[in-house]
Amino acid sequence: MVSNTHDLLKQFGIEVEITHISKKTNTFSAKVTYQIRPLNQKSQAIVVYQDLVSHETRKCVFQELNMYEDLYFLVASITIKNGACASDQG
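The numbering used here puts the sequence shown at residues 81 to 170.
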């Protein structure tokens, strides 16, 4: 596990994303990921939505986190409405 993590950090640097929760159907894939930022910068919670029919992908930062553990309190599930993702916290 440490070796795999080292390889990911070496490849992606601070851009490495850790998946928190994901959902996939025949028509879409959605996931909430986060990035742990170095040097006392805030971590980011990210929503990635991919429409598997049109092959369109949308990705956005939906929350900056003081600590990556904050994500567990913000997102318990994701909901798809009109082709967009939303956390259960809005």
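The beta carbon of each residue, even a glycine, is placed where N, CA and C say it ideally should be.
With 16 or more other CB atoms across the displayed protein chains lying within 10 angstroms of its CB, residue 151 is buried. DSSP places residue 100 inside the beta strand (DSSP E), whose first and last residues are 98–104.
For residue 154, the enclosing alpha helix (DSSP H) starts and ends at 150–154.
For residue 111, the uninterrupted beta strand (DSSP E) run begins and ends at 108–115, by DSSP. Around the Cβ of residue 141, a 10 Å sphere holds fewer than 16 other Cβ atoms; the residue is exposed. When DSSP states are grouped into helix, strand and coil, residue 133 belongs to the coil group. Under the DSSP definition of a beta bridge, residue 128 partners with 111, 139.
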